[in-house]
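Positions -24 to -1, 1 to 185 (mature numbering (1 follows the signal peptide of the UniProt record, and there is no 0)) are the ones given, in order, by the sequence shown.
No residue lacks a Cβ here, since even glycine has one placed at the ideal position from N, Cα and C.
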Amino acid sequence: MVGCSVTGVRRTRALVATSTLSLALLLGACSSDSDTPAATSTTTAAAASTSAAPSAASTCPSAAPAAGGTPEWTLSGDTGSIAVIGSTDTTAPAVTVTPPFGVTETQVKTLSVGDGPVVADDATVSVCYAGVNGRDGSTFDSSYERGAPIEFPLDGVVAGFQKAIAGQTVGSTVAVATNAADGYPNGQPRAGIEAGDSLIFAIKILAVS
């Protein structure tokens, strides 16, 4: 069984990552034990303290976006709301959550359109992304914090993640708010995800094969 990669949450204790593989790859493969970390953060900037190396194709930028930036997507859910600033070549995305945020239908927003090829439903892609829990605004996984993109086949990820990327073009930045059914309907305790949680992903599509 592959472990789940989990990042820390601002103002909470850091969780230890048990694998370099992204949580989104696992399709709910990890157990549904009950212990979930408390989280109080409602604003998540997918940034680490170190800066990324120059090559955008092989790294994910970790610098936070400038303060006071205008969100490229705002969405009122069935409960709560979100505001998303997409990543750039030099900065990570930021996701601000007014919790608890939840949606009954998965919604995708293209933040910027790339000029690369269209991504097929069964393509293998390389992406930078951050995953945020709508219930409490905590980041449960981020390749921006790790500084490196992840590559995977789209038919091996949770449905909401696939819906966000398939049909987009390489170079695009995308955000998606997933309902529980398209994320982890039974929860993912090791990432602090409970049954019924809506998830938000901010994604940069780097390459496709």
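Extent of the continuous alpha helix (DSSP H) to which residue i belongs
{"i": "Q138", "result": "135 to 141"}
Classification of residue i by the beta-carbon crowding that lies within 10 angstroms, buried from 16 upward
{"i": "T50", "result": "exposed"}
{"i": "A167", "result": "buried"}
{"i": "A43", "result": "exposed"}
{"i": "G107", "result": "buried"}
{"i": "V101", "result": "buried"}
{"i": "A171", "result": "exposed"}
{"i": "residue 251", "result": "Absent from the model: residue 251. The displayed extent of the chain is -24 to 185, so no value can be given."}
Which listed residue (the options) has its alpha carbon closest to that of residue i
{"i": "T154", "options": "A39, K85, T35", "result": "K85"}
{"i": "T115", "options": "F77, E81, V71, T82", "result": "V71"}
{"i": "A135", "options": "T55, D112, P47, Q83", "result": "Q83"}
{"i": "I179", "options": "K139, I169, P76, D131", "result": "K139"}
{"i": "residue 189", "options": "G78, E48, G56", "result": "Here the chain has residues from -24 to 185 only, and residue 189 is not among them."}
{"i": "T74", "options": "G132, V60, V103", "result": "V60"}
{"i": "V103", "options": "G123, E81, G113", "result": "G123"}
{"i": "G45", "options": "P69, G56, G132, S148", "result": "P69"}
Residue i, enclosing beta strand (DSSP E) - first and last residue
{"i": "I176", "result": "175 to 184"}
{"i": "S52", "result": "49 to 52"}
query = Counting pairs of Cβ atoms below 8 Å between the stretch 156 to 176 and the stretch 95 to 103, do you hit three or more?
reply = No: the two stretches stay apart, fewer than three of their Cβ pairs being nearer than 8 Å.
request  = Starting from the N-terminal side, write out each stretch of the alpha helix (DSSP H) that is 4 residues or longer and does not extend beyond the stretch 62 to 141.
outcome  = 119 to 122, 135 to 141
query = Which ranges does the beta strand (DSSP E) cover as unbroken runs of at least 3 residues, wholly within the stretch 140 to 166, from first to last along the chain?
reply = 149 to 154
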